[in-house]
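Number of protein chains: 2
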Amino acid sequence: MAKQPDKTDSTREKIILQAGPIFASKGFRAATVREICDKAQVNLASINYYFGDKQQLYFEAVVRAREMRVEQVPQPEWDASMGPHRKLKGFVGLILDRLVAMQNEPWQVRLLMREILQPTEACSHLVKEYFRPFFDSLLEIVDDIVEAPLPQHVRTKVGLSIVGQCLYYRFAAGLTSLIISDEDFQEHFDRDSLAEHITSFSLAAIRNYVREPGPQTEQK
Amino acid sequence: MAKQPDKTDSTREKIILQAGPIFASKGFRAATVREICDKAQVNLASINYYFGDKQQLYFEAVVRAREMRVEQVPQPEWDASMGPHRKLKGFVGLILDRLVAMQNEPWQVRLLMREILQPTEACSHLVKEYFRPFFDSLLEIVDDIVEAPLPQHVRTKVGLSIVGQCLYYRFAAGLTSLIISDEDFQEHFDRDSLAEHITSFSLAAIRNYVREPGPQTEQK
DNA sequence: TAGGTTGTCAAACAGTTGTTTGATACGGTT
DNA sequence: AACCGTATCAAACAACTGTTTGACAACCTA
Numbered sequence: 001m002a003k004q005p006d007k008t009d010s011t012r013e014k015i016i017l018q019a020g021p022i023f024a025s026k027g028f029r030a031a032t033v034r035e036i037c038d039k040a041q042v043n044l045a046s047i048n049y050y051f052g053d054k055q056q057l058y059f060e061a062v063v064r065a066r067e068m069r070v071e072q073v074p075q076p077e078w079d080a081s082m083g084p085h086r087k088l089k090g091f092v093g094l095i096l097d098r099l100v101a102m103q104n105e106p107w108q109v110r111l112l113m114r115e116i117l118q119p120t121e122a123c124s125h126l127v128k129e130y131f132r133p134f135f136d137s138l139l140e141i142v143d144d145i146v147e148a149p150l151p152q153h154v155r156t157k158v159g160l161s162i163v164g165q166c167l168y169y170r171f172a173a174g175l176t177s178l179i180i181s182d183e184d185f186q187e188h189f190d191r192d193s194l195a196e197h198i199t200s201f202s203l204a205a206i207r208n209y210v211r212e213p214g215p216q217t218e219q220k
Numbered sequence: 001m002a003k004q005p006d007k008t009d010s011t012r013e014k015i016i017l018q019a020g021p022i023f024a025s026k027g028f029r030a031a032t033v034r035e036i037c038d039k040a041q042v043n044l045a046s047i048n049y050y051f052g053d054k055q056q057l058y059f060e061a062v063v064r065a066r067e068m069r070v071e072q073v074p075q076p077e078w079d080a081s082m083g084p085h086r087k088l089k090g091f092v093g094l095i096l097d098r099l100v101a102m103q104n105e106p107w108q109v110r111l112l113m114r115e116i117l118q119p120t121e122a123c124s125h126l127v128k129e130y131f132r133p134f135f136d137s138l139l140e141i142v143d144d145i146v147e148a149p150l151p152q153h154v155r156t157k158v159g160l161s162i163v164g165q166c167l168y169y170r171f172a173a174g175l176t177s178l179i180i181s182d183e184d185f186q187e188h189f190d191r192d193s194l195a196e197h198i199t200s201f202s203l204a205a206i207r208n209y210v211r212e213p214g215p216q217t218e219q220k
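Going line by line, the protein sequences match chains A and B. Under our numbering, the first residue of the first sequence carries the number 1, and numbering increases by one thereafter. Under our numbering, the first residue of the second sequence carries the number 1, and numbering increases by one thereafter.
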């Protein structure tokens, strides 16, 4: 077994950092240990030596991807005096930067999305460690917007509506680029424009939605 | 080469129908021609005989998945006299039924989502043949809701906000089930509750959003 | 009946896969 | 020096991959 698990430039570290992009772009199955070892310039047997097997390397790559992503895009500070629009926009922007990352598509993001789409054991780790508290802090912002507290399930649905609008641009990026012209995309669908739209759209929805829920319970 | 491409219970047909679910749940790479032929109870060489290679079989399975899904969940009729809420709810429900299909997750849906996430040549076929007109008919409903016509890019963004809210429950189904308790999910996140929420949320957003776009251009 | 097309089959092919092995070298401790 | 845990390496292993082959049977046409 390996002894020092956290030296910085060790063979173990090189493997994780090279395996991440490959897993991200090809998926677990299509990524081969030979390609990973080639890119990392380590011997073929190193993966099994340090991680036991390919699956465990994948797990560690996912965990590392999350850690790196949080470091790369730190959460902006919330000022209690900020208006709801700016606060919500700050969070929407954070989702777009951290989890959507439209322009550069870092491997960490693509790997995390892979985990969301087809959860392995790594996903429950991500939820407990990251997604849950992340989502809760969004719901606190929603709480600030509405005057009367929302029923729990409505609160959750509203939060997921906001998250859904953002994550669409990650999940369906390939489809969107086939639907929208390139010029339109460059001009109107950059990070800031989307943050502004999703924020305004959601804010308007929350305020109006709570006020007049529409024919909710009735209507067959 | 094969002669009759459209006999109903032919070997060719059996292969497509058995390959679909396997591609859907495992992806192109992890699905093996041996498993497909076993399930279809045909000889191993049949795939290459009828489709040339595995890739072409995948393409045809995707196309077939779309056709079957449109048949399985037909578009409800639009009554011009219907109010905007009912009209929009009808369309949101159609997305949820056809493309999200939360309860049973048919293989056709999972295969189409796979194409959206990682587009192959099959995806541009899907867009031209299906997604584009589908999305356009949503935008027409949006047009009916607003009085003054929207700028093109805003129109598109609004449409994608609606679609995004729906598709979230397909893409992140695994994550959602880890965030929400099972009882909550059964009780409040069924197809009808979600359709109602997304419709009301979006309707409120559109009406309020257009009226007061918020601090759009200003604000640094 | 003869000949050709179409479909099915078992077997093999050539390449890739994750993993294991045994040898070898390095670096520190006794 | 002798020793031992750590690390790296080339090579091989066994299983699996998509695809090809050639034989054989069923069917239709002439």
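Where a beta carbon is used, it is the ideal one built from N, C-alpha and C, also for glycine.
query                                                                                                               : result
CA-to-CA distance, L111 (chain B) to V62 (chain B), given in whole angstroms                                        : 7 Å
Reduced DSSP category for G52 (chain B) - H, G, I as helix; E, B as strand; rest coil                               : coil
Stretch pair the segment 98-108 of chain A + the segment 142-151 of chain A: three plus CB contacts closer than 8 Å : no
K128 (chain B) burial status per 10 Å Cβ neighbour count (16 or more: buried)                                       : exposed
Option nearest L57 (chain A) by Cα separation, candidates A:W78, A:Q72, A:T32 and A:E71                             : A:T32
Reference R254 (chain B); option with closest CA among A:S200, A:D136, A:D184 and A:P119                            : Nothing in the structure corresponds to residue 254 (chain B), since chain B is present only between 1 and 220.
Per-residue burial, N250 (chain A) [other beta carbons within 10 Å of its own, 16 or more giving buried]            : Because chain A spans 1 through 220 in this model, residue 250 (chain A) falls outside it and cannot be assessed.
Beta carbon proximity, F185 (chain B) to chain A, threshold 7 Å                                                     : no
Any C-beta of chain B under 7 Å from that of A101 (chain A)                                                         : no
Sub-7 Å separation of A65 (chain A) and A205 (chain B) beta-carbons                                                 : no
Beta-carbon gap between H85 (chain B) and L194 (chain B) smaller than 7 Å                                           : no
Interface flag, R29 (chain B) vs chain A, CB-CB below 7 Å                                                           : yes
T120 (chain B), DSSP secondary structure in three states                                                            : coil
Residues in the segment 187-202 of chain B having any Cβ partner in chain A nearer than 9 Å                         : E187, H188, F189, S193, L194, E196, H197, I198, T199, S200, F201 and S202
Counted within 10 angstroms of its Cβ, other Cβ atoms place F201 (chain A) as buried (16 or more) or exposed        : buried
Length-filtered (4 minimum) alpha helix (DSSP H) runs lying within the segment 60-143 of chain B                    : 84-95, 107-117 and 121-126
Interface flag, Y130 (chain B) vs chain A, CB-CB below 7 Å                                                          : no
Reduced DSSP secondary structure (H/G/I, E/B, other) of F23 (chain A)                                               : helix
Option in B:A45, B:T176 and B:F185 with minimal Cα separation from I116 (chain A)                                   : B:T176
Within chain A, the residues that A65 (chain B) reaches when beta carbons sit closer than 9 Å                       : Going along chain A, no residue has its Cβ under 9 Å from A65 (chain B), so there is no contact; the nearest lies around 15 Å.
Classification of L44 (chain A) by the beta-carbon crowding that lies within 10 angstroms, buried from 16 upward    : exposed
Contact belief for T199 (chain B) with K89 (chain B) at Cβ below 8 Å, rounded distance in angstroms                 : 4 Å
Distance between R29 (chain B) and E196 (chain B) (C-alpha atoms, nearest Å)                                        : 38 Å
C-beta neighbour in chain A for G83 (chain B), strict 7 Å                                                           : no
Residue burial classification, S161 (chain B) (beta-carbon count within 10 angstroms, cutoff 16)                    : buried
As assigned by DSSP and simplified to three states, the class of Q41 (chain B)                                      : coil
Sub-7 Å separation of I16 (chain A) and E71 (chain A) beta-carbons                                                  : no
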